[in-house]
Structures are given as C-alpha cells and as structure tokens.
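Trainee: Sharing a structure, written as structure tokens. Questions coming.
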Amino acid sequence: MEFEVVRSLRALHSAIARHRHGPLNSAASLAIVPTMGAIHEAHEQLIVEAKKHADIVMASIFVNPKQFAKNEDLNKYPKSEEQDIQKLKDRGCDIVFIPEINLMYPDDFDLTIDVPNLSSVLCGKSRPHHFQGVATVVAKLLLQSNADYAIFGEKDFQQLLIIKTLVKSLNISCKIVEIGTVRNKEGLAISSRNAYLSEKNRKIANEINII
Numbered sequence: 002m003e004f005e006v007v008r009s010l011r012a013l014h015s016a017i018a019r020h021r022h023g024p025l026n027s028a029a030s031l032a033i034v035p036t037m038g039a040i041h042e043a044h045e046q047l048i049v050e051a052k053k054h055a056d057i058v059m060a061s062i063f064v065n066p067k068q069f070a071k072n073e074d075l076n077k078y079p080k081s082e083e084q085d086i087q088k089l090k091d092r093g094c095d096i097v098f099i100p101e102i103n104l105m106y107p108d109d110f111d112l113t114i115d116v117p118n119l120s121s122v123l124c125g126k127s128r129p130h131h132f133q134g135v136a137t138v139v140a141k142l143l144l145q146s147n148a149d150y151a152i153f154g155e156k157d158f159q160q161l162l163i164i165k166t167l168v169k170s171l172n173i174s175c176k177i178v179e180i181g182t183v184r185n186k187e188g189l190a191i192s193s194r195n196a197y198l199s200e201k202n203r204k205i206a207n208e209i210n211i212i
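Numbering (the working numbering), first residue to last: 2 to 212.
Next up, the structure:
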C-alpha cells in the first residue's frame, strides 16, 4: 500500500481501512506513535518498535496546546513538517495523521481527562495542567485510530504511567508498549527540546545525567 499523509478524520479512517483491506485483511493490526513533530532518532526508534508489533504503523504529528502552560514554549516549539514526514516515511511508517487544531479541539470542546493521583506529583506539581492535556489528546488519538498498539518511550516515565492508567480505566482496547530511553553518545536523553540547548548547556545536561 502507498504511504499516506492525512489531515481529517474521514481521510484517516479511509486510509486505515485501505491498509487493513489491502494486501493484508481486516485482521491486520495497527500501531500508533503519537508525536508532536520535530522527529528525531528516538521517534524513529518508536516506529521501528511499532513495526515489530503491528502490520500497519501510523504516526501522528500534533503540537498539543492543552499540555502547555501560558509561560511555556508553545509558539516556539520546533516545527519541521516536511522533514518529519520524510523521516517517518523512510522509517517505514504507513500513515501520518496531522490534524488541525479545530479538529482536535472544536469551539464547543468541553472535556478534560485527568488521572489525578499520578498527575499531581513530581513534574505535575510544577505543571498542574500538563498531564491533563496529555491524557486528553492521547485518549482522542487512540479512539480516533482504534489502534491495537501505542508505542511510547520511557523517557517521559510519569506520562507513560498516566497513559497506561487511562487506557486501563477507560477500557480502551489498545496495548501500550514502551521502549527504553534513547540517548546520544554522551548519555543525554534525545528530545525535541534539545535544540534549545547551547553547546555549553548540552555539556551541563550530559553531566547531570544520572541514569
């Protein structure tokens, strides 16, 4: 089947149906890799892992405003859509879903998913609405795609636990698969926000890595 980039729910569902009923059959499995773009080696490893579990691999690119606080970097978050699409295609992704903001959060959107015990500690103390935004968008993506598997990295471990809990609590029929933290040769966890670091700050970040 051809690689597809889709931006609407109708197009997404049609693409998934074509891949499920193409050379495979309706029993073909689907894995999703949710991302906010700025695709790097760690994302690519998630795609590699997804291909081990499912017949069809889908990635999403959506910079989710609901997980950013007012003083955070939503407007500056790195964006490189054309390059991202090519990287995902090269790694063997079958479908890339790039929804518009009004698809994910229409004007009358009035829902927040919270996993309060896990979201109120550690990183959640300083980012009180962050994990609500994460849980809400991940739930939407899993339901929109009806994926059999979703692949996440252990780098964001608190996030991973929250996603596992929401899937279990809402009886979403998707298996969460995690992979170990992908690091550079100095040991720094690879992240889209590493682009913000100066050479000096990268050295400092490498020095404080204790895992």
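Quick reminder that beta carbons are idealized off the backbone N, C-alpha and C, glycines included. Keep in mind it's a predicted model, so treat the numbers as computed, not measured.
Mind checking which residues open and close the alpha helix (DSSP H) that includes Phe4?
Mentor: Element bounds for Phe4: n/a, residue is neither H nor E.
Trainee: Within its chain, find whatever has a CB closer than 7 Å to the CB of Ala16; leave out the 5 residues flanking it on each side and keep chain order.
Mentor: Glu5, Val7, Ile96
Trainee: For Pro66, which residues in the same chain have their Cβ closer than 8 Å to its Cβ, ignoring the five residues on either side in sequence?
Mentor: Leu75, Ile102, Tyr106, Gly134
Trainee: List the endpoints of the continuous beta strand (DSSP E) containing Ile177.
Mentor: 176-180
Trainee: How is Ala16 classed by DSSP in three states: helix, strand or coil?
Mentor: helix
Trainee: Give every residue of the same chain whose Cβ lies closer than 6 Å to the Cβ of Gln160, excluding the five residues on either side of it in the sequence, and list them in chain order.
Mentor: Excluding sequence neighbours, Gln160 sits near Val135.
Trainee: Please list, in chain order, all residues of the same chain as Ile212 whose beta carbon is under 6 Å from its beta carbon, the five residues on each side excluded.
Mentor: The pLDDT assigned to Ile212 is 47, lower than 50, so where the model puts this residue is not dependable, and the model offers no usable value.
Trainee: Measuring alpha carbon to alpha carbon, tell me which of Lys71, Ile114, Ala18 ends up nearest Ser170.
Mentor: Ile114
Trainee: Kindly identify the DSSP beta-bridge partner or partners of Ala28.
Mentor: Answer by DSSP bridge pairing: none, since Ala28 is not bridged.
Trainee: So what does DSSP say about Ile212, is it helix, strand or coil?
Mentor: Note that Ile212 scores 47 on pLDDT, short of 50, meaning its location in the model is unreliable; the coordinates nonetheless yield the value given after this. Residue state, collapsed to three classes: coil.
Trainee: Can you say whether Pro129 is buried or exposed, counting buried as having 16 or more other CB atoms within 10 angstroms of its CB?
Mentor: Here Pro129 is exposed. Its C-beta has fewer than 16 other C-beta atoms within 10 Å.
Trainee: Say whether the region 29-38 touches the region 71-89, bearing in mind that this needs 3 or more beta-carbon pairs closer than 8 Å, one atom from each stretch.
Mentor: Judged by Cβ distances under 8 Å, the region 29-38 makes contact with the region 71-89, as three or more pairs qualify.
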